[in-house]
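Peer 1: Numbering (this note's numbering), first residue to last: 38 to 325. Would you mind keeping the following structure in view while I ask a few things?
In structure tokens form, the structure reads like this:
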């Protein structure tokens, strides 16, 4: 039986308190998280599509019971972040990277299934690393509006929970070291570029881009102790070890603690199976 669970978050995104600088008044932290949210729906649809394509492949092997649960978790993430992004649009922010990402995905439709999985596992590695950082370092969401904090921490916990699913499918289908390393280099370039561009645009549209205070916030969040790059670089380098695996002792401990301590914020879908009527999450997120 799979350990993955399907959770319905009990927050009302349309009515949540969402100040323009919702992350503790810190413009940089706010707009980095907003930028990630803007990229989540189109990215998670790609992850879903790659796993569904793998399921139909003659060489499919792996944790078959985990795949539909992974898909449902990602579908729920995507749906909630699209609603959250609608709130950001109402604040005057504009999502300029989503159309570019969708265009790149269309260009890559002819990639073979293992390459699509390699791209997915590379992105999943980043989301799990970021998720663990958010869960273990309170400064990332220090002073954040309560419901927004809950949205991102819940998402982070589930990313850590299912981080190994795509990787296990990739390996079981014969995906090798060289392919996943080369696609990780590609994904790293795209993720850094997309996040930087969208964050800068968000800062500009929110009126915070040219403030001296913003420069200091950026330096601290990106390079300071417990910052973005100190959290990402060691985990990124670990990916290049030939024996790398997302299965590590205690790897999901922070996620499990958060889920246990914050069960009031969500309800479990009974059975967490993919075939329950009434609580079915869509196989694909709705994409406008």
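Beta carbons: idealized from backbone N, C-alpha and C, even for Gly. Only a predicted model underlies this, so the values are computations on that prediction, with no experimental measurement involved.
1) What is the DSSP secondary structure of residue 45, reduced to helix, strand or coil?
2) How would you write the range of the alpha helix (DSSP H) that residue 298 sits in, first residue to last?
3) For the 8 Å Cβ check, are there 3 or more pairs between the stretch 114-133 and the stretch 232-249?
4) With 16 other CB atoms within 10 Å as the buried threshold, where does residue 162 fall?
5) Buried or exposed for residue 185, going by 16 or more other Cβ atoms inside 10 Å?
6) Under 9 Å between the Cβ atoms of residue 53 and residue 119?
7) Excluding five sequence neighbours on each side, which residues of the same chain lie with their C-beta closer than 7 Å to the C-beta of residue 110?
8) By the 10 Å Cβ neighbour count, where 16 or more other Cβ atoms means buried, how is residue 258 classified, buried or exposed?
9) Please state if the CB of residue 65 and the CB of residue 251 are separated by a distance shorter than 9 Å.
10) The beta strand (DSSP E) with residue 305 in it runs from where to where?
11) CA-CA distance, residue 187 and residue 165?
12) Taking Cβ positions, are residue 154 and residue 203 nearer each other than 9 Å?
13) Just reading off the alpha helix (DSSP H) that residue 264 is part of, what are its end residues?
14) Measure the C-alpha to C-alpha separation of residue 88 and residue 270 and round it to an integer number of angstroms.
15) Rounded to whole angstroms, how far is the Cβ of residue 224 from the Cβ of residue 91, which I believe are closer than 8 Å?
16) Please classify residue 275: does DSSP put it in a helix, a strand, or coil?
17) Which residues does DSSP pair with residue 60 in a beta bridge?
18) Is residue 39 closer than 9 Å to residue 81 when the C-beta atoms are compared?
19) Around the Cβ of residue 147, are there at least 16 other Cβ atoms within 10 angstroms (buried) or fewer (exposed)?
20) Would residue 56 pass as a contact of residue 255 if the rule is Cβ separation under 9 Å?
21) Considering only C-alpha positions, which residue in the set 158, 306, 233 and 291 is nearest to residue 71?
22) What separation, rounded to the nearest whole angstrom, lies between the Cα atoms of residue 104 and residue 180?
23) Fully enclosed by the stretch 131-208, which alpha helix (DSSP H) runs are 4 residues long or longer?
24) Is it buried or exposed, residue 230, if we count other Cβ atoms within 10 angstroms and call 16 or more buried?
25) For residue 247, name the three-state secondary structure that DSSP assigns.
26) Can you tell which of 94, 84 and 98 has its C-alpha closest to the C-alpha of residue 107?
27) Specify the secondary structure class of residue 98 as computed by DSSP and reduced to three states.
28) What does a CB cutoff of less than 7 Å around residue 212 pick up in its chain, not counting 5 residues either side in sequence?
29) Can you check whether the CB of residue 174 is closer than 9 Å to the CB of residue 268?
Peer 2: With the given structure in hand:
1) strand
2) 290-298
3) yes
4) That one is buried.
5) buried
6) no
7) 41, 43, 195 and 199
8) buried
9) A contact, by the Cβ cut-off of 9 Å.
10) 303-305
11) 17 Å
12) Taking 9 Å as the Cβ cut-off, residue 154 and residue 203 qualify as a contacting pair.
13) Segment: none, residue 264 is in no alpha helix (DSSP H) and carries neither H nor E.
14) 27 Å
15) Rounded, the Cβ-Cβ distance is 17 Å, inconsistent with contact.
16) helix
17) 181
18) Residue 81 is not a Cβ neighbour of residue 39, given a cutoff of 9 Å.
19) exposed
20) Not closer than 9 Å, so no.
21) Comparing Cα positions, the closest option is 233.
22) 36 Å
23) 134-144, 150-173 and 183-198
24) exposed
25) Three-state DSSP puts residue 247 in coil, outside helix and strand.
26) 84
27) Residue 98: coil per DSSP, three-state reduction.
28) Correct list, in chain order: 151, 154 and 155.
29) yes
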